[in-house]
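Colleague: I'd like to ask some things about the structure below.
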Amino acid sequence: MEFRVEKEIVGGLGRAGVIKTAHGEIKTPAFMAVGTRGYVRFLSAQDLHEIGAQAMLSNGYHLRRQSAQIADSGGLSRWEPYQPATGADRPQNGSGEPTVQDASRNDTKMSEKPPILRPDGLLANPWGGPTITDSGGFQVMSLGSGLGKVVSMEKERGVVNTAHKERLAQVSEAGVDFTDPFDGQPDFIGPEESMRIQCQIGADIHMAFDELTSLADTYRYNIEAMERTERWAERSLREHIRHRDELGYRQNLYAVLQGGRWEDLRRRTAQNLAKMQIGGVGFDGFGLGGAFLKENLGEILRWCNEELPAEKPRHLLGLSHPDDILIGAEMGADTFDCVAPTREARHGKIYTREGTFNLRKFADSGKTLDQNCDCPTCREGWTRGGLRALWRSGNSEQKQKYYRLASLHNLRFIIRLTEEIRQAILEGSFAQYQDEFLQKFYQT
RNA sequence: GCUGGAAUCGUCUAGUGGCAAUGACAAGAGACUGUAAAUCUCUCGGCUUCGGCCUUCGUAGGUUCGAGUCCUACUUCCAGCA
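And the structure:
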């Protein structure tokens, strides 16, 4: 992997650049669509290319039982994201399960083998582009101390940690014991397991196995988790180097910075991870992790990125609200990923230049979702009222259609935002772009 | 015409004398940030100084401390017989 910085924000940490991977280039800043199980829900690979997605983030934890099969396909980028019927993403209402009829209807010729369908009913075509996998570290938190909670950045200040015995994940020095929330099966992932899984999946970029703390965790616990994350990073690096070329192309590893909201921890872990090497080999980039509050996100990123080497790419994990992306880009994050654009689309929250709105309120509207939007949904002339009708219909096929159209729109919105940020950085007008965007979007 | 049965919030529905009344859907509001999420939370008769107050279960009477629940008549609908 090669990373080249093309232009920096004068006097700041932000930059525009290019990451070259074995499966293509990523022009940064860039948003990576989240396809946890190897595909973005309700969107085809073609859809992703059409909206300008440059890379897809999947999760080693969710794909852990299929990693050998993915390796056989030549790696995640070439894999047809098929889940067996017992897979974890089966529809909860039971009506969306692909049926034999679906398969035969989509088939064109009897002589051809039946197409492989994903759990969301779409054809399982390979994504083909650059990929990145998460280690499963997020699940340490979401199934552990953050179980049952929103990973909110704005509230949850006074939250109490989930009692240890109620958690679905238990952390030890060796790794994490999980209970699979879908089938109740016990499982274990540590740094070595995560690296072996990720190297079989074969994304271009991997995340070291880390422990993400929740906002409810104390300073003391954050020190413990961060130091453990550093020890896990070293073990991850060692195991990664062992397996990183096994699929015939070079896979890369990012270390993840934790440390919560404390400057001393953030700077210390950045320094430690930046100089960490095994046999002269260090990390290829860095993941900026943690549960953030909006009010100090920028500051935390500044602490991290002032310490990290400028020539290595940085991925801000799990954030994509426009203000967060703008702060991230300003403070030196190169790539982003987040479930919000697609999840919020499914829940009726639509992004526009003038802010977000809830589609529920536009039953009779003949307006498109956003004026001058270049997403496929708006270009095809879909109206708010028409989309609302699809969404609210009791028909699961129509709902799926809505999910696709709304996901395309919100994803395109965020991808376009990163494209415009990149352009503004290259033109030296980032600060102005940021001001104008925020003023319009948040109407402040 | 006779004999049974039924009428409850926009719709369907629970409801054994202590009920402003169950559940579902619809509707309305909110949440969602490395996906246990086609999910979750809240509202859903009116008014309220948040203590309550008022009006409600086809209509009109009645029994009772108290009636959506029991009785009578009427209205409408359903089924069976003519």
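Heads up, the first sequence is in this note's numbering, so the first residue is 249 and it goes up one at a time. Note that CB positions come from ideal geometry on N, CA and C, so glycine has one too. Every value quoted in this text rests on a predicted model; they were computed, and no experiment measured them.
Using the DSSP secondary-structure output, state which residues sit across from residue 252 in a beta bridge.
Modeller: 266
Colleague: Are there three or more Cβ pairs, one per stretch, closer than 8 Å when the segment 587-604 is compared with the segment 649-665?
Modeller: yes
Colleague: Measure the C-alpha to C-alpha separation of residue 416 and residue 397 and round it to an integer number of angstroms.
Modeller: 13 Å
Colleague: Can you give the Cα-Cα distance for residue 263 and residue 257, rounded to whole angstroms?
Modeller: 6 Å
Colleague: What are the complete alpha helix (DSSP H) segments, minimum 4 residues, inside the segment 566-641?
Modeller: Note on the segment 566-641: whole alpha helix (DSSP H) runs with a minimum of 4 residues are 570-578, 588-594, 624-627 and 632-640, in chain order.
Colleague: What does DSSP give as the partner residues of residue 535 in its beta bridges?
Modeller: 504 and 563
Colleague: Quick check on residue 442: buried or exposed, where buried means 16 or more other Cβ atoms within 10 Å of its Cβ?
Modeller: buried
Colleague: Provide the residue(s) that pair with residue 316 in DSSP beta bridges, ordered along the chain.
Modeller: Residue 316 pairs with nothing; no bridge assigned.
Colleague: Taking 8 Å as the cut-off, decide whether the C-beta atoms of residue 508 and residue 549 are in contact.
Modeller: no
Colleague: Could you tell me whether the segment 642-657 touches the segment 548-567, using the rule of 3 or more Cβ pairs below 8 Å?
Modeller: no
Colleague: According to DSSP, simplified to helix, strand and coil, what is residue 378?
Modeller: coil
Colleague: At a cut of 8 Å, does the segment 368-377 reach the segment 291-310 through at least three beta carbon pairs?
Modeller: yes
Colleague: Any chance you could list the alpha helix (DSSP H) runs of at least 4 consecutive residues sitting entirely within the segment 403-449, in chain order?
Modeller: 439-449
Colleague: Near residue 682, what residues of its chain come up, given a Cβ to Cβ distance below 7 Å and the 5 sequence neighbours on each side ignored?
Modeller: 574 and 578
Colleague: For a test of the three-state rule: what should DSSP assign to residue 273, helix, strand or coil?
Modeller: strand
Colleague: Using the Cα positions of residue 370 and residue 289, report the straight-line distance between them to the nearest angstrom.
Modeller: 9 Å
Colleague: Which residue or residues does DSSP assign as beta-bridge partners of residue 310?
Modeller: Paired residue(s): none; residue 310 is not in a bridge.
Colleague: Starting from residue 299, trace the alpha helix (DSSP H) both ways and give me its first and last residue.
Modeller: Per DSSP, residue 299 belongs to no alpha helix (DSSP H) and is neither H nor E.
Colleague: Hey, how far is the Cα of residue 390 from the Cα of residue 318?
Modeller: When rounded, the distance between both Cα atoms is 25 Å.
Colleague: DSSP state of residue 371, grouped into three classes?
Modeller: Residue 371: strand per DSSP, three-state reduction.
Colleague: Where do the N-terminal and C-terminal ends of the beta strand (DSSP E) with residue 388 fall, by residue?
Modeller: Looking at the DSSP string, residue 388 is not in any beta strand (DSSP E); the run it does join, the alpha helix (DSSP H), is 385-390.
Colleague: Going along the chain, which residues of its own chain have a beta-carbon closer than 7 Å to the beta-carbon of residue 569, five neighbours each way excluded?
Modeller: 588
Colleague: Does DSSP classify residue 522 as helix, strand or coil?
Modeller: Residue 522: helix per DSSP, three-state reduction.
Colleague: With H, G and I counted as helix, E and B as strand and the rest as coil, what does DSSP make of residue 278?
Modeller: It is a strand residue.
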